[in-house]
Amino acid sequence: MPTTTAPDLLPGTRADGGPEDDADSPYAESRYTESPHGGLPPGGSPRRPGPRPVGQGRSRYRPRRRTRLVLAALSVVLAVPLVTAARQSRDFPFDDRLTVHTTAAPGPAAQEPVLRTSGPRVEARDPGSGTLRWVHERTGSRPLALAAGPGHAFALWSDGLVTDTERAAGSAVRWHRALPGLADWLAAGPGRAAGVLQPLAPGSRMLAVVTPHRIVAFRAEDGDLRWVLPAARGCAFDPGRYVRTAGILLVAQPCPGHTDWTAELMAVDDLGRIVPGRTPLRNDLRDDPRRDLRDVPRNGPPGGVSKGFSDHRPGDRPEKAVARPR
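Below, the structure written as structure tokens:
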């Protein structure tokens with residue numbers, strides 16, 4: 393009786409080395425299913441089908457592969473505008489719109505434009521002719537107060553943001569700074585923006601922002617935070633009540649129960665709070681050639697004194713700090 397030997401193949405492989413047919417393949421089912429031999433070829437031994445005709449077999453799965461390739465290509469194409477939009481949003485994080493209308497005529501720094509608010513925008517106009525030089529707008533906000541210094545145009549906006557724009561040509565917005573709770577306080581009543589912006593130091597090299605809870609000073613050059621002076625416990629600064637004299641800013645600080653009006657005044661300058669024997673901290677830039685570190689003291693500043701600037705006081709410290717609450 394003739395016998396047959398099963399081919400020495402691993403499960404799931406074909407004799408020609410390829411993978412076994414898929415269950416859905418037309419060749420997965422034996423071609424001898426309807427034969428009188430019970431699905432086996434004559435002789436009783438199972439036999440793999442022969443080579444597949446050209447154009448048959450797995451060809452019906454190729455459209456699926458094409459579909460996947462098309463979807464992948466579409467995802468790449470659709471991602472390009474999304475990446476571009478994300479980059480544009482990073483370039484304009486504060487919704488600034490700075491429009492230059494005319495360039496400044498050659499002349500001294502005294503010919504810098506005059507600033508004014510006009511509805512939702514800041515306008516800079518030529519001091520002689522009144523010609524509009526540049527306009528600064530911010531989406532969803534409007535300017536409430538302005539302050540000017542040589543080369544600087546400071547603005548306080550209704551959303552509590554403080555900006556510094558290059559004043560002469562309106563070429564750029566140098567920096568943006570936000571203070572906690574300022575927007576809510578400004579919105580709680582009309583006219584509260586008066587006195588909030590206070591330029592300090594010769595040439596307005598420092599800008600103080602006066603709020604009920606604290607006075608904060610920024611360096612005009614780069615917006616660096618230089619010192620913070622919190623209001624006394626139970627008291628609050630009143631930005632609208634201030635006096636300037638000899639480079640000193642006196643701000644009212646009403647306190648319940650005080651009968652001496654002098655106790656309700658706070659004196660500050662570009663170095664911070666004015667107190668006897670203070671050791672102020674310098675406000676100049678790190679690469680400023682005017683710095684002199686030969687006589688920097690080892691001891692730190694006393695309580696309640698923060699950062700400061702000096703060109704002629706060798707004992708000033710070059711670091712910066714934040715005042716401790718009193």
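Sequence positions in the sequence shown follow our numbering and run 393 to 718.
No residue lacks a Cβ here, since even glycine has one placed at the ideal position from N, Cα and C.
Cutoff 6 Å; reference residue i; Cβ partners in own chain excluding five residues on either side
| i | result |
| --- | --- |
| F486 | H568 |
| A609 | M598, A600, R618, W619 |
| T557 | H528, A545, V565 |
| D551 | S533, A575 |
| A579 | none |
| R479 | Confidence is the limiting factor: at R479 the pLDDT is only 37, short of 50, which leaves the residue's position unreliable and the question unanswerable from this model. |
| H429 | Residue placement at H429 is poorly supported in this model, since its pLDDT is 49, which falls under 50; the coordinates still yield a value, given next. Once the five neighbours on either side are set aside, H429 has no close Cβ partner at all. |
| G615 | W567, R569 |
| R584 | L578 |
| G543 | R559 |
| T555 | A547, V565, H568 |
| G520 | none |
| A593 | D662 |
Cβ distance (whole Å) where residue i is taken to contact residue j below 8 Å
| i | j | result |
| --- | --- | --- |
| L507 | S533 | The Cβ separation is near 17 Å, so there is no contact. |
| A659 | I640 | 6 Å |
| V635 | I607 | The Cβ separation is near 15 Å, so there is no contact. |
| G562 | A516 | 6 Å |
| W577 | P535 | Not confirmed; about 17 Å, so no contact. |
| L548 | V588 | 6 Å |
| D488 | R530 | 6 Å |
| L661 | N675 | The question names Leu, yet the displayed sequence has Asp at residue 661. The pair is not a contact, with the Cβ atoms about 11 Å apart (cut-off 8 Å). |
| T491 | T523 | With a Cβ gap of about 14 Å, T491 and T523 do not count as contacting. |
For residue i: DSSP bridge partner residues
| i | result |
| --- | --- |
| Q590 | A600 |
| E504 | Looking at the DSSP assignment, E504 forms no beta bridge with any residue, so it has no partner. |
| I640 | T637 |
| A545 | A540, T557 |
| P622 | R606 |
| R458 | R458 pairs with nothing; no bridge assigned. |
| R525 | Answer is none; R525 lacks a bridge partner. |
| D661 | G664 |
| L617 | F610 |
| T509 | V514 |
| R530 | D488, S533 |
| D551 | According to DSSP, which records beta bridges pairwise, D551 is partnered with nothing at all. |
Neighbourhood of residue i by C-beta, 8 Å cutoff - its chain only, sequence neighbours within 5 removed
| i | result |
| --- | --- |
| A586 | A537, P631, G632 |
| T651 | none |
| D416 | The predicted position of D416 is uncertain, since its pLDDT is 47 and thus under 50; no value can be drawn from it. |
Residues near residue i by beta carbon distance below 7 Å, same chain, minus five either side
| i | result |
| --- | --- |
| G541 | P591, G595, S596, A612 |
| P646 | C627, A628, D630, E656 |
| D518 | P505, R525 |
| P512 | E529, R534 |
| L463 | none |
| L571 | G552, V601, T603, V608 |
| P648 | G626 |
| T509 | P535, L538 |
| L677 | E613 |
Where the beta strand (DSSP E) containing residue i begins and where it ends
| i | result |
| --- | --- |
| L536 | 535 to 541 |
| P646 | Looking at the DSSP string, P646 is not in any beta strand (DSSP E), and its letter there is neither H nor E. |
| W567 | 565 to 570 |
| W653 | First-last for W653: undefined, no H or E at that position. |
| L490 | 488 to 492 |
| A612 | Per DSSP, A612 belongs to no beta strand (DSSP E) and is neither H nor E. |
| A516 | 513 to 517 |
Continuous alpha helix (DSSP H) stretch holding residue i: start and end
| i | result |
| --- | --- |
| A575 | 574 to 579 |
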